[in-house]
Every structure is written in C-alpha cells, then in structure tokens.
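**Q**
Okay, here's the thing in structure tokens:
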C-alpha cells in the first residue's frame, strides 16, 4: 500500500476519470489490436489465426492477502496466470481485458500500482490491454482477467491428445510457490503476535515463485526449437497430481508418476523440512507453480533428455492401469488430487 | 434463493464436481466454437471475421441485491449487459466466459439457478458459454462475464464516427429500469420495517426493465433491413446524458438533445410522479436501460421517421456549440452526466 505517499480518493476521480487515467498509460503495440479501451468493446483482427480465450479471477482473502502481497506483484500475477493458460494451449497471449471491483479504502495510487504490475507483465510478454470494467466493491478487491491468445489451428495442443506410453514431462521445478506462501503466512503470524519485522532472508527464490510467477513462454519456444510437439499439455496451477489426472482423464488413459523424478529446488526442499512438510507432497499438491506439464511421444526422448529445464516425471498407460504414484521404494499408490478444495481451508 | 428445496453444500461437490455439473448443461451450438469448457482455454475459429471483446462485472451489494433479485434473473442480466455492448458495435455476440466468486452460503442449487439464467440468455441470443473460472469468496457474489462477438470489419460501428448534423436516435424508451429499481427498493424498505409483503402489482413493465433487460438485437436487425448504417453507436447503460456525451466527445463534436423528444413509457412516467421524481431526469440519468443510442446521416431521416422503435432525440453539432439540453420552454442547459458516481450513493 501507499500510506507514505499522497492519497487521492477514488471518488475525486470518478469512473470516467479513472478510465481516462488508465487509458493514458496503455499503448497498443500489436497490429491485431484494432481498437482498445474507449468503446463498447475492443476490436481484434485475428489475422487468420484461431483465437484462444481464458479467464481467471483473484479474490482478496482467498487468493491473496494484501498484508504481504504488494499490489504491483498482484497485478503482475493476475496477468501471468492467464498467460500461462494460453501458453498451455501452445498459443501466444495477445490481448487482455480486466474487470476490477474495489472498495473506497483503496486510493487512486493503489489502482496505479496494480495497473503498473499488470502493464509490466503485458510488456514482458507482448500483450495489449484492450479493455475492462472498473466498479466498486462493498468489501475486498476482486480482479478478473480475461486473456485472448492466437495460434495456427494445427499448432493448438489440447489436454486430450495424450497416447499410451507417451512420456510425461514437466518444466522447471515444483512446490516452490507453495513453500513461499508458507513463509509469508508464518511471518505474518509472527508479526501479528509479536510485532517482529518479517524475516524473509534467504527465501528469495520461493518468495518470487509465489509473488511473481512467470508464465513459461520460454518452454513453448524451447519445444519449437527442439521440434517437439506435445501431444497434450496443461499448466500446473493446482499441483502436479491434479494436472496429471486431468491429462490422463481427458485422454482416456492411465498415468504413472515417479516420486523420485519430481524436480524440487533445494530451497523448496529445505524450507519444507523446516516446516515439517514432506517435499514430495508439496511438489505434488502445492499449486501455483505455473509450470507446463505435457506429454510427448517416446520417439522424442532423445530431444528432451538431459535438458535442464525439463524433467520426465512419468508416462501414460492404458486406462485399466489406473492413475498411480510410484514411491522411492517402488510402492505403488493411487494418485489423488486436491485442487480448489484445499484452497478452501486456507 | 432455494430454502424450500433440498440444499447441497458447495463443499460436497468441490471445484471439479461443480465444473462437471456446469459443463454437462452446456452444449456448443456454433461452428466457430471449436472447444469449450474443459481445457486451459477455449478455442474460437473467427471464420474470417473481426472479433469483439467486452467485459462487465456485477458485484453483490453494488449492482444487485439478492433480497429482491432472483438468481436466475441475475444470470440472465449478467449475460444481457455484455451482449448489449457487442450489439452496440453492430456485431453479433457469439461466445462467453464467466468468472464467478461465491461464498459457502450459496448452495449448489443457487449456482444452478444462476447458470439457468445465463444459459437461457445464451440460447435466446445464440451465444455459446465456452469457459470460466469458479472460486470462493469471503463475502458477496461477484460475476464477471466476458463476451466475444464477431463482425465483418466494414460493419463495425465505433463511438467516434458521428458527423456534424447527424441525427441522434435512441431505441425503445428510457428511465424504466431506474423506476423499477425504485419500486424494488421501496418494497424492500416496507418489508424490513413492517414485514408487509411486497406490492408489485401494475409495475410489470418497469420491473422487467430492471430485472430482465433484453439486449437490442432486434434494433440491429431492423437497421440492416432499413439499410441504415449508424455512423456511431453506444448502448445506454449509464443514462442517455452520459452516453450522448460519450458519442459527442469521441467524435469531437457537440450535441443538442431535446427534452420533449425523450421516449418515456407511461408506466415510467406515472411511477416517477409517484416518487416525486422528474421523469425527464430519470430518462436522462436513470441508467440500465440497455437501449441503443446512435447517430445517422440526415439523409436517412425518411427511413427512420415514425418508426415506433426509434426516437430522434437530437442531433450532433460542431464542437464549439457544446453539449446542450433544450427544455420544453426552449431554455438551453449544459448537458451533464452522472454515471458510476451516482451508483456509489446507492
């Protein structure tokens, strides 16, 4: 928040003043963005490409706590999670619209910070902000971003294209965002109880994973360079277990995940230990990693093996073999997902 | 609400159960809807047309009061207001995504009612529901609908195309939705104070204007039939005064509105009198009428005059002549808008 700076009330500006203020900071950069903010709807030239559309809503008190999430980071993340969904279709995010509900406790400067973060993400990933809706809220802040993407029809990768024996591959590492959240929650409790300033030293990596996730455009580009076309793909927002089940079920297959293949960063591992949590469980169910999980044909193995950005964590099986996790001792367990229901207990 | 029926807790169903339940009721009908609910993003084939995108967020306690708005009507309205924005570009709404935040006080049956209304609007106007996001809220219900539309590039009508001397035309009648809201608020107060059942008799028209607005697809079709192409267009969501100013400012022109030309339904008129309100003020600033306001060339006058669905309420002028309202005595007043700021006081 911006208590130390000057504070301008939203009421002073009004809805149209606020729209003008936002519009003055937005510049369209894509030829496909024919018309942006300032009409009843934005206009997009699809340029012969198929269009992708996805929406994600972030709700104060459920998805974020302004006690420790800076508004700029929140804006960045609201964009990033939607871009991640578009990359997960092997498509390119292009245009975004933002619906925002905010209460009068937010000054205009807070809205500026939020948009600063959103526009930074847009610049970083070549997306134009083309429209939105800004309204009041009686309580918390709610941000709904809808992202449009574009791709050639034949390049789009769905969840249901996996085949028996395909390798299951995940980018980056897992569980970090969840451990970052644990650290933030702990320091918040300490602060509330004792007034002690947060001790976040040495937790940079996992905090960044939680506060400023980056959608994996680089992985989409890497796969193109390697000439690997995933047979199915999804982004990891609810945890690896949940997403692997989605791919398997959508494709009418079983899946076999190997516990000892899960990519876990040393910082994630040691923090999990500090919290008396099982690092594997965090990697499987932690959520918010925004990595890409995809399947590739066995024949692509040589192109992928040893790549530091990619981990082969299992493979697809026939449906009758079920959805299983193989532990380090070779024990076989049914794979279960948590997802949103887990969030409810936050 | 559904207190008298069986109640299923959202927690029993979980996020994925809820998504499955919604998806089972949704059927894609358009060839342009390549992929709907069930992947990271929906996929649209633009079929060579430009794409329109618009979003509107409805917030409990700000835009609606569940004390008197049935959830089915709310769902219908959430779709209708977005379709209205697409028609206002002279385009056809085609696909929608819905982001929903709801608290545990809502049972699954309430979500069903909300979707029933949304899907009814979709069926009535040929729109496919292709995706969304459902999340929890700590407090009220928030609905963000994003609507995609399609049009040939050359058919799209913007706000900024009006020319000096163009006629200013509005469809239907004005102020009814606002008066419907006044009746609902009054009956709510009476009920809270005395427990008396609402007396809504004889107010059918204005209540329907508030609770179940219909986007004016018929007007778009009528204009095509009349071979009238508006030079600029906007939908009337914040009141005629506000929207006329938008057209004038976007087009770099002045505007001259005539008080005695405003179309006001007798039911709106008499209810305004009952509330000691000026019917003209209600028509100018009431909002939520979702009529279409547009400009046409003077040469189209013969095609439009006398049409019972269309009223010529004024004309555009050069910028130097300003934005004015001419009253019944010929007095000239500066035209002012209220818009969202007025909503804040609700």
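Protein chains in written order, with the working numbering: chain A, 308 to 653; chain B, 308 to 653.
Ideal Cβ positions, reconstructed from N, Cα and C, are used throughout, including at glycine.
(1) Measuring CB atoms only, is the region 395 to 411 of chain A touching the region 537 to 555 of chain A, in the sense that at least three cross pairs come out at less than 8 Å?
(2) Any beta carbon from chain A within less than 8 Å of residue 463 of chain B's own beta carbon?
(3) Starting from the N-terminal side, write out each stretch of the beta strand (DSSP E) that is 3 residues or longer and does not extend beyond the region 586 to 624 of chain A.
(4) Using a Cβ-Cβ distance under 8 Å, would residue 651 of chain A count as near chain B?
(5) What are the partner residues of residue 400 of chain B, as DSSP defines its beta bridges?
(6) Please list the residues of the region 414 to 444 of chain B that have a C-beta atom closer than 9 Å to any C-beta atom in chain A, keeping them in chain order.
(7) Do you know offhand how far residue 730 of chain B's Cα is from residue 486 of chain B's?
(8) Identify the continuous alpha helix (DSSP H) that holds residue 317 of chain B and give its terminal residues.
(9) Span of the alpha helix (DSSP H) holding residue 349 of chain B?
(10) Please identify the residue among A:554, A:454, A:509 and A:321 whose C-alpha is closest to the C-alpha of residue 414 of chain A.
(11) From which residue to which residue does the beta strand (DSSP E) around residue 440 of chain B run?
(12) Out of B:362, B:399, B:559 and B:592, state which residue places its alpha-carbon closest to the alpha-carbon of residue 484 of chain B.
(13) For a contact defined as C-beta to C-beta under 9 Å, what are the partners of residue 404 of chain B on chain A?
(14) Could you round the C-beta distance between residue 597 of chain A and residue 586 of chain A to whole angstroms and report it? I think they count as a contact, below 8 Å.
(15) Output needed for residue 565 of chain A: all residues of its chain with C-beta closer than 6 Å, excluding positions within five of it in sequence on either side, in chain order.
(16) Residues in its own chain within less than 6 Å of residue 650 of chain A by CB, not counting five upstream and five downstream?
(17) Show which residues of chain A have a CB atom less than 7 Å away from the CB atom of residue 353 of chain B.
(18) Cβ atoms of residue 626 of chain A and residue 359 of chain B: under 8 Å apart, would you say?
(19) Return the residues of the region 379 to 392 of chain B that lie within a Cβ-Cβ distance of less than 7 Å from chain A, sorted by chain order.
(20) Buried or exposed: residue 510 of chain B, going by 16 or more other Cβ atoms within 10 Å of its Cβ?
(21) How far does the beta strand (DSSP E) with residue 677 of chain B in it extend, from its first residue to its last?
(22) Taking CB distances under 8 Å as the criterion, tell me whether residue 369 of chain B reaches chain A.
(23) Closest Cβ-Cβ distance between residue 636 of chain B and chain A: below 8 Å?
(24) Which of the three DSSP states, helix, strand or coil, is assigned to residue 641 of chain A?
(25) Is the CB of residue 541 of chain A under 8 Å away from at least one CB in chain B?
(26) Could you confirm whether any beta carbon from chain B is found closer than 8 Å to the beta carbon of residue 524 of chain A?
(27) Which residues in chain A sit within 7 Å of residue 447 of chain B, going by Cβ to Cβ distance?
(28) With DSSP as the reference, identify every bridge partner of residue 562 of chain A, one or two as the case may be.
(29) Which residues does DSSP list as the beta-bridge partners of residue 371 of chain B?
(30) Restricting to Cα atoms, I'd like to know which of B:594, B:410 and B:537 is closest to residue 446 of chain B.
(31) Smallest Cα separation from residue 475 of chain B: which of B:545, B:459 and B:606?
(32) For residue 490 of chain B, which residues of its own chain have a beta-carbon under 6 Å away from its beta-carbon, when the five flanking residues on both sides are left out?
**A** Let me spell this out:
(1) yes
(2) yes
(3) 598 to 603 and 617 to 624
(4) Model confidence at residue 651 of chain A stands at a pLDDT of 37, short of 50, so the residue's coordinates are unreliable; what they give is reported in the following sentence. So, interface residue.
(5) B:456
(6) Per Cβ criterion, the list reads 437, 438, 439, 440, 441, 442, 443 and 444.
(7) The structure shown does not extend to residue 730 of chain B, since chain B spans only 308 to 653, so no value can be given for it.
(8) 317 to 332
(9) First-last for residue 349 of chain B: 349 to 351, but that is the beta strand (DSSP E), not the alpha helix (DSSP H).
(10) A:321
(11) 435 to 443
(12) That would be B:592, whose Cα lies nearest to the Cα of residue 484 of chain B.
(13) 360, 361, 362 and 453
(14) Wrong, their Cβ atoms sit about 19 Å apart, outside the cutoff.
(15) Listed in chain order, the non-local C-beta contacts of residue 565 of chain A below 6 Å within the same chain comprise 621 and 633, local neighbours out to five positions each way being set aside.
(16) Note that residue 650 of chain A scores 35 on pLDDT, short of 50, meaning its location in the model is unreliable; the coordinates nonetheless yield the value given after this. Same-chain partners within the cutoff: there are none.
(17) 353 and 358
(18) no
(19) 392
(20) buried
(21) Chain B is shown only over 308 to 653; residue 677 of chain B falls outside these bounds and no answer can be derived.
(22) yes
(23) Cβ-Cβ to chain A under 8 Å: no for residue 636 of chain B.
(24) strand
(25) Under the Cβ distance rule, residue 541 of chain A counts among the residues neighbouring chain B, one pair being separated by less than 8 Å.
(26) no
(27) 445 and 446
(28) Looking at the DSSP output, residue 562 of chain A shares a beta bridge with A:623 and A:630.
(29) B:367
(30) B:410
(31) B:606
(32) So the qualifying residues of the chain are 510.
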